[in-house]
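There are 2 protein chains.
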Amino acid sequence: MAGPAASVTLPDIQRPVAEGLALVTAELGRMITADVPLMQEVNRHLLRMKGKLFRPTLLLLTHEACGQDDPRAMSLAAIVELIHLATLVHDDSVDHSVLRRGMPTVNSLFSHQVSVIMGDYLYSRAIVELARLDDLEPIRVLARVTDTMTVGEMRQLAAYDALDFDEQQYELLCRSKTASLFAAACEVGALRAAPAQRRAARRYGDALGMAFQITDDLLDYTEGEAVTGKPSGLDLKEHKVTLPLIAVLGRLGRGERERVEALFREAAPAGGQVADVVRLVELTGGLDYARERAAAFAAEAEGALDDLPASAAREALRDAIVYAVERRR
Amino acid sequence: MAGPAASVTLPDIQRPVAEGLALVTAELGRMITADVPLMQEVNRHLLRMKGKLFRPTLLLLTHEACGQDDPRAMSLAAIVELIHLATLVHDDSVDHSVLRRGMPTVNSLFSHQVSVIMGDYLYSRAIVELARLDDLEPIRVLARVTDTMTVGEMRQLAAYDALDFDEQQYELLCRSKTASLFAAACEVGALRAAPAQRRAARRYGDALGMAFQITDDLLDYTEGEAVTGKPSGLDLKEHKVTLPLIAVLGRLGRGERERVEALFREAAPAGGQVADVVRLVELTGGLDYARERAAAFAAEAEGALDDLPASAAREALRDAIVYAVERRR
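Pasting the structure below:
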């Protein structure tokens with residue numbers, strides 16, 4: 067893949083839209099202002115963990131790369147982050163997760179009740195703000211995302227035998243839980259551009275989201291808690307089957323397969339057991355295969371950028387691909 | 067209050083829009099069609115417990131009473147029911163409720179996870195279907211409802227001392243959790259009517275919703291499980307303070323007050339203790355006061371109907387008021 071090396075940082079990528087992102091942060095604060103003290107507390111917590119505004123960055127960069135200059139882009143970018151926050155809050159509640167980006171989740175810090183209602187609140191706020199913008203088109207694009215996301219999650223819940231999960235189902239899940247919002251953010255950024263550019267922006271976002279999610283699942287195998295903010299091997303511990311394991315399941319010997327199955331029979335697998343399967347997946351080429359797939363999606367995202375005119379924003383979108391696959395957390 | 071006596075039944079009210087309601091049921095089925103078997107199972111369960119389509123009935127009646135005849139009204143009515151179902155599913159999950167209308171809740175029959183995701187799914191579907199209708203106005207009206215509802219629920223969660231709950235806070239809660247959706251359903255029905263009629267429709271729905279919710283809370287004091295599908299005195303058991311108790315709290319003697327406080331100190335109050343407070347509230351006039359307030363809101367709803375032209379649909383809306391305050395469940 068062409069483009070700069072691992073040294074790409076998020077602030078580099080965000081430089082062309084730094085002013086816009088400051089407005090997005092302000093918009094986000096305005097959108098979730100509430101006069102109930104408990105909600106203020108949750109909102110403060112959410113804004114602290116709001117992270118890197120990666121999706122708003124993609125929206126603003128696509129917007130600029132397509133030669134657009136609509137002030138509503140800042141509101142749309144904040145709305146995309148709001149939808150992202152809403153899904154994080156409900157995901158953590160569904161998974162009973164304790165940590166997210168190294169910080170306590172809403173369900174662990176407050177309660178299950180608070181997280182269900184706050185997720186609903188954040189999503190409702192997103193729709194109210196969307197309606198204020200007087201444009202049906204972004205509502206159409208973004209409503210489809212949460213629809214797709216929830217169907218994907220239900221499909222995951224309904225999968226009884228985790229070890230039957232195949233690569234096609236895995237990609238479907240990545241697409242629904244991650245790539246759909248990336249694709250929508252980029253498409254919304256390009257909403258008023260020529261149809262070919264709008265399609266290219268969407269294709270870029272979709273492929274980038276796939277590369278991003280595969281990399282996320284790889285990091286669960288390769289990085290420790292200090293880096294990712296989550297314990298290493300957490301997915302295996304929670305019996306979540308991701309690409310590195312799927313890649314090798316078919317080619318394991320009988321004894322190796324049995325070690326994996328033993329872990330999946332254990333309600334709470336021990337650290338040693340998890341570390342053993344992590345090593346097994348690495349030695350049998352699972353990590354390499356997942357890296358190849360991430361690189362293939364990264365190349366697809368690069369290809370989509372060829373349909374946008376050359377600009378600093380387009381180069382930043384190119385850097386975002388490198389960032390997505392080479393980041394450490 | 068004028069109008070027919072207690073003999074008003076729901077089918078009577080629904081007669082002028084019976085054909086439309088059949089289409090609403092079909093629309094609802096179409097909207098939640100999913101190809102994931104687990105979702106089909108949950109959807110079948112939801113459609114079985116979908117109840118009486120009271121909100122869609124109000125939307126269609128208001129629509130007709132305002133002289134409108136837009137086929138989209140059927141889709142809007144189905145969407146309103148979808149939003150209602152989404153809030154029920156999350157409410158039951160938040161409250162860990164086991165029964166709803168005498169049937170097991172989604173959280174009890176399936177799981178907490180399924181109910182969080184399914185609630186999100188139903189609401190997402192509602193927004194996708196709203197966007198399909200190519201009209202921002204109903205999105206504006208309905209997005210505000212869920213916003214209001216979630217703020218109301220957070221306010222309730224944040225109330226530390228249940229016995230400090232006063233009538234004003236109680237009305238705010240009724241308005242956010244019930245009247246807001248009634249008002250929106252009626253306003254959406256009258257969306258293309260003259261502004262005065264649209265305002266009247268909204269006022270009618272708001273007052274009707276208040277009367278409906280107060281009656282609901284009264285039924286918790288007066289009716290047994292066989293009738294309401296919920297154990298009697300459940301609100302008290304769960305430390306929920308509603309109008310009958312609020313009405314008398316200020317005028318209880320010290321000994322009486324202590325009996326109430328004892329119940330609220332008990333994590334799981336015994337049946338006898340609940341029955342004792344129910345009797346106390348009745349004897350000190352709490353039920354009478356709540357009935358008076360319900361009647362006052364019913365009169366307000368009647369008054370709003372004067373701004374709509376005479377029609378069979380308007381008479382059915384009048385009957386709906388009687389039904390709301392005189393129903394047994």
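The listed protein sequences correspond, in order, to chains A and B. Sequential numbering from 67 applies to the first sequence in the numbering used here. Sequential numbering from 67 applies to the second sequence in the numbering used here. Ideal Cβ placement from N, Cα and C applies to all residues, glycine included.
8 angstroms Cβ cutoff met for Ala-370 (chain A) and Tyr-270 (chain A): With respect to the 8 angstroms criterion, Ala-370 (chain A) and Tyr-270 (chain A) are classified as neighbours on the basis of their beta carbons.
Beta-bridge partners of Leu-165 (chain B), as assigned by DSSP: In DSSP, Leu-165 (chain B) forms a bridge with B:Pro-170.
7 angstroms Cβ shell around Ser-141 (chain A) - same chain, five flanking residues per side excluded: Within the same chain, Ser-141 (chain A) has close Cβ partners Glu-93, Glu-195 and Leu-199.
Asp-201 (chain A) versus His-156 (chain B) - alpha carbon distance: Approximately 29 angstroms, taken between the alpha carbons.
contact_flag[the region 269–284 of chain A, the region 358–368 of chain A] where n(CB pairs < 8 angstroms) is 3 or more: Yes, since at least three Cβ pairs between the region 269–284 of chain A and the region 358–368 of chain A fall closer than 8 angstroms, the two stretches touch.
8 angstroms Cβ cutoff, Asp-227 (chain A) in contact with chain B: With respect to chain B, the C-beta atom of Asp-227 (chain A) has no partner C-beta closer than 8 angstroms.
Option in A:Glu-203, A:Thr-128 and A:Gly-218 with minimal Cα separation from Thr-153 (chain A): The option with the nearest alpha carbon to Thr-153 (chain A) is A:Gly-218.
Leu-113 (chain B) to Gly-352 (chain A) span [Cα, whole Å]: Rounded to whole angstroms, Leu-113 (chain B) and Gly-352 (chain A) show a C-alpha spacing of 44 angstroms.
Closer than 7 angstroms: Phe-248 (chain B) CB and nearest the ligand GTP heavy atom: The ligand GTP is not among the ligands present in this structure, which contains no ligands whatsoever.
Cross-chain neighbours of Thr-216 (chain B) in chain A, by beta carbon under 7 angstroms: Ile-183, Asp-186, Tyr-187 and Ser-190, listed in chain order.
Sequence ranges, alpha helix (DSSP H) only - wholly within the region 116–202 of chain A, length at least 4: Within the region 116–202 of chain A, the complete alpha helix (DSSP H) runs of at least 4 residues are 120–131, 138–161, 172–175 and 178–198.
Buried or exposed (CB count within 10 angstroms, at least 16 for buried), Thr-75 (chain A): Counting the other Cβ atoms within 10 Å of the Cβ of Thr-75 (chain A) gives fewer than 16, which makes it exposed.
Collapsed DSSP secondary structure at Pro-77 (chain B) in the structure displayed: In the three-state reduction of the DSSP assignment, Pro-77 (chain B) falls in the helix class.
Buried versus exposed, by CB contacts within 10 Å (16 or more), Gly-255 (chain A): Classification of Gly-255 (chain A): buried, given that the 10 Å Cβ count is 16 or more.
Buried versus exposed call for Thr-99 (chain B) [16 or more other C-beta atoms within 10 Å across all chains shown]: Classification for Thr-99 (chain B): exposed.
Inter-residue spacing [alpha-carbon to alpha-carbon] between Leu-300 (chain B) and Asp-286 (chain B): For the pair Leu-300 (chain B) and Asp-286 (chain B), the Cα-to-Cα distance works out to about 7 angstroms.
The region 175–191 of chain A / the region 202–215 of chain B touching (three or more Cβ pairs under 8 angstroms): Contact between the region 175–191 of chain A and the region 202–215 of chain B is present, because at least three Cβ pairs lie under 8 angstroms.
Nearest-angstrom Cα separation, counted from Val-347 (chain A) out to Arg-323 (chain A): Cα-Cα distance, rounded: 11 angstroms.
Alpha helix (DSSP H) segment containing Asp-272 (chain B), residue limits: That run of the alpha helix (DSSP H) goes 261–288.
DSSP three-state assignment for Ala-386 (chain A), whether helix, strand or coil: In the structure shown, the three-state DSSP call for Ala-386 (chain A) is helix.
Residues, ordered as in the chain, of the region 159–177 of chain B that lie near chain A by beta-carbon distance below 7 angstroms: Answer in chain order: Ser-159 and Val-160.
Closer than 8 angstroms at the beta carbon, the chain A residues around Pro-103 (chain B): Those within 8 angstroms of Pro-103 (chain B) in chain A are Ala-224.
Sequence-distant residues of the same chain with beta carbon closer than 8 angstroms to Ala-197 (chain A), five excluded per side: So the qualifying residues of the chain are Ile-205.
Cβ shell of Arg-325 (chain A) (< 7 angstroms), same chain only, five flanking positions each side left out: Excluding sequence positions up to five before and after Arg-325 (chain A), its CB lies within less than 7 angstroms of the CB of Asp-342, Val-343 and Leu-346, all in the same chain and listed in chain order.
Short-range partners of chain A found in the region 130–157 of chain B, where Cβ spacing is below 7 angstroms: Contact residues of the region 130–157 of chain B toward chain A are His-156 (C-beta to C-beta distance below 7 angstroms).
Helix, strand or coil at Ser-246 (chain B) [DSSP, three-state]: Note: Ser-246 (chain B) maps to helix in three-state DSSP.
Test: Gln-179 (chain A) CB closer than 8 angstroms to a CB of chain B: Closer than 8 angstroms: yes.
Chain B contact residues for Arg-325 (chain A), given Cβ-Cβ distances below 8 angstroms: The contacting residues do not exist; Arg-325 (chain A) stays about 28 angstroms from chain B at best.
Buried or exposed (CB count within 10 angstroms, at least 16 for buried), Asp-227 (chain A): By the 16-neighbour rule on beta-carbons within 10 angstroms, Asp-227 (chain A) is exposed.
Residue-level contact to chain B via CB, Ile-98 (chain A), 8 angstroms cutoff: So, not an interface residue.
For Ala-267 (chain A), the nearest candidate out of A:Gln-80, A:Leu-383, A:Asp-186 and A:Arg-167 (CA to CA): The closest CA to that of Ala-267 (chain A), considering only A:Gln-80, A:Leu-383, A:Asp-186 and A:Arg-167, is found on A:Leu-383.
Bounding residues of the alpha helix (DSSP H) (the contiguous stretch that carries Glu-14 (chain B)): No answer is possible for residue 14 (chain B): the residues shown for chain B start at 67 and end at 395.
Opening and closing residue of the alpha helix (DSSP H) in which Gly-352 (chain A) lies: 352–371 is the extent of the alpha helix (DSSP H) around Gly-352 (chain A).
Asp-101 (chain A), DSSP secondary structure in three states: Three-state result, Asp-101 (chain A): coil.
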